[in-house]
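Numbering (the working numbering), first residue to last: 3 to 241.
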């Protein structure tokens with residue numbers, strides 16, 4: 003029997019404790035019809051500390067170099083057997099009913115192509131800005147110069163499902179017919195995919211914890227990657 007959900011996790015120098023917390027939450031899910039696909043962008047030996055349960059529903063793709071976020075996820079999506087895909091960061095901890103609620107929502111609302119849940123930092127209790135409005139080139143430049151603040155959705159006060167522009171790539175639950183644009187190595191691939199799929203929903207009644215920190219764009223390497231992705235995005239979509 004085909005699994006209901008295929009979870010694709012891309013790892014790159016991922017901390018064992020962080021990954022194992024994510025895996026434990028998946029194994030503890032009330033929805034058991036799940037396939038787990040791990041795409042490792044790091045050296046193979048870094049998988050040895052992961053608590054991986056031997057199962058026919060576990061598959062590992064070992065890359066010989068870092069292929070980037072979108073391309074690595076696409077490798078997992080292509081071999082996935084589930085009806086739905088969950089692109090999941092390894093620093094996410096699911097609640098027991100996160101998967102079942104997402105599955106039920108997508109089964110009920112056939113017009114929804116992608117959905118995300120409320121992501122909460124377990125240390126600060128703050129809600130991630132995981133659902134956002136599409137950026138414009140001008141607004142991003144003004145933000146970088148400190149001249150304008152991003153006007154997002156009031157996620158802390160939203161109580162009902164809301165159609166949004168785009169969702170963070172840390173948690174993307176979608177129908178199995180979409181792929182990332184592999185021209186993005188990192189950054190903007192989630193914005194691009196959300197724009198391509200359309201009919202994207204933020205579900206505040208469904209929650210998960212997000213442990214991670216963003217990579218600083220003050221680091222020259224990541225700043226250059228971010229700029230390249232940004233220029234490609236605006237050239238592609240002409241916004």
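Ideal Cβ placement from N, Cα and C applies to all residues, glycine included.
Original post:
Nearest-angstrom Cα distance between residue 94 and residue 23?
Top reply: C-alpha separation (whole angstroms): 8 angstroms.
**OP:** May I ask which residues mark the beginning and end of the alpha helix (DSSP H) holding residue 72?
**Re:** Here the alpha helix (DSSP H) through residue 72 covers 71-81.
Original post:
Using the C-alpha atoms, what's the distance from residue 117 back to residue 50?
Top reply: If I take the Cα positions, the gap works out to 32 angstroms.
Subject >> Nonlocal neighbours in the same chain, by C-beta distance under 7 angstroms from residue 191, ignoring five residues either side >> reply: Shown here for residue 191: same chain residues with a beta carbon closer than 7 angstroms to its own, the five before and five after excluded, namely 71, 72, 171, 182, 183 in chain order.
**OP:** Tell me whether the beta-carbon of residue 160 lies closer than 9 angstroms to the beta-carbon of residue 90.
**Re:** Judged by beta-carbon spacing, residue 90 lies beyond the 9 angstroms limit of residue 160, meaning their Cβ atoms are not closer than that value.
Original post:
Run through DSSP, which three-state label would residue 159 get?
Top reply: Here residue 159 sits in coil by DSSP.
**OP:** Spatial neighbours of residue 64 within its chain, please: CB distance less than 6 angstroms, with the 5 preceding and 5 following residues excluded, ordered by chain position.
**Re:** Taken in chain order, the residues that qualify are 42, 46.
Subject >> Completely contained alpha helix (DSSP H) runs for the stretch 127-211, where each covers 4 or more residues >> reply: As far as the stretch 127-211 is concerned, its whole alpha helix (DSSP H) runs of at least 4 residues are 139-146, 191-199.
Original post:
Does the beta carbon of residue 64 come closer than 9 angstroms to any beta carbon on chain C?
Top reply: The structure shown contains no chain C; it is built from a single protein chain.
**OP:** Can you say whether residue 232 is buried or exposed, counting buried as having 16 or more other CB atoms within 10 angstroms of its CB?
**Re:** Burial state of residue 232 is buried, judged by a 10 Å Cβ sphere holding 16 or more other Cβ atoms.
Original post:
Among 185, 102, 18, which one has its Cα closest to the Cα of residue 6?
Top reply: Selected option, being the one with the closest Cα: 102.
Original post:
Touch check for the stretch 192-201 and the stretch 107-117: three-plus C-beta pairs under 8 angstroms?
Top reply: Yes, since at least three Cβ pairs between the stretch 192-201 and the stretch 107-117 fall closer than 8 angstroms, the two stretches touch.
Original post:
Taking Cβ to Cβ, would you say residue 54 is nearer than 9 angstroms to residue 25?
Top reply: The Cβ atoms of residue 54 and residue 25 sit closer than 9 angstroms to each other.
Original post:
What residues in its chain sit with their C-beta under 7 angstroms from that of residue 96, if we drop five residues either side in the sequence?
Top reply: Closer than 7 angstroms at the Cβ level, and outside the excluded window around residue 96, lie 27, 28, 31, 210.
Subject >> Selection from 83, 228, 162 that minimises the alpha carbon distance to residue 59 >> reply: The candidate whose alpha carbon is nearest that of residue 59 is 83.
**OP:** Output the boundary residues of the beta strand (DSSP E) element that contains residue 116.
**Re:** Taken as a continuous stretch (DSSP letters only), the beta strand (DSSP E) holding residue 116 covers 116-122.
Original post:
Going straight from the alpha carbon of residue 137 to that of residue 195, what length do you get?
Top reply: Computed Cα separation, rounded: 14 angstroms.
**OP:** Within the same chain, show all residues whose beta-carbon is closer than 8 angstroms to that of residue 234, passing over the 5 residues directly before and after it, in chain order.
**Re:** Excluding positions up to five away in sequence, the list reads 185, 186, 190.
Subject >> residue 125 burial status per 10 Å Cβ neighbour count (16 or more: buried) >> reply: Under this definition residue 125 is an exposed residue.
**OP:** Check whether the Cβ atoms of residue 104 and residue 205 sit closer than 9 angstroms, and answer yes or no.
**Re:** In contact: residue 104 and residue 205 (Cβ atoms closer than 9 angstroms).
Subject >> Euclidean distance between Cα positions of residue 21 and residue 62 >> reply: Inter-residue distance for residue 21 and residue 62 is about 14 angstroms (C-alpha atoms, whole angstroms).
Subject >> Reduced DSSP category for residue 231 - H, G, I as helix; E, B as strand; rest coil >> reply: Reduced to three states, the DSSP call for residue 231 is helix.
Subject >> Best match in 129, 123, 100 for proximity to residue 34 [C-alpha to C-alpha] >> reply: The residue with the shortest Cα to Cα distance from residue 34 is 100.
Original post:
Taking the Cβ atom as the reference point for each residue, do residue 135 and residue 144 lie within a distance shorter than 9 angstroms?
Top reply: No; because the gap between Cβ atoms is not below 9 angstroms, this pair is not in contact.
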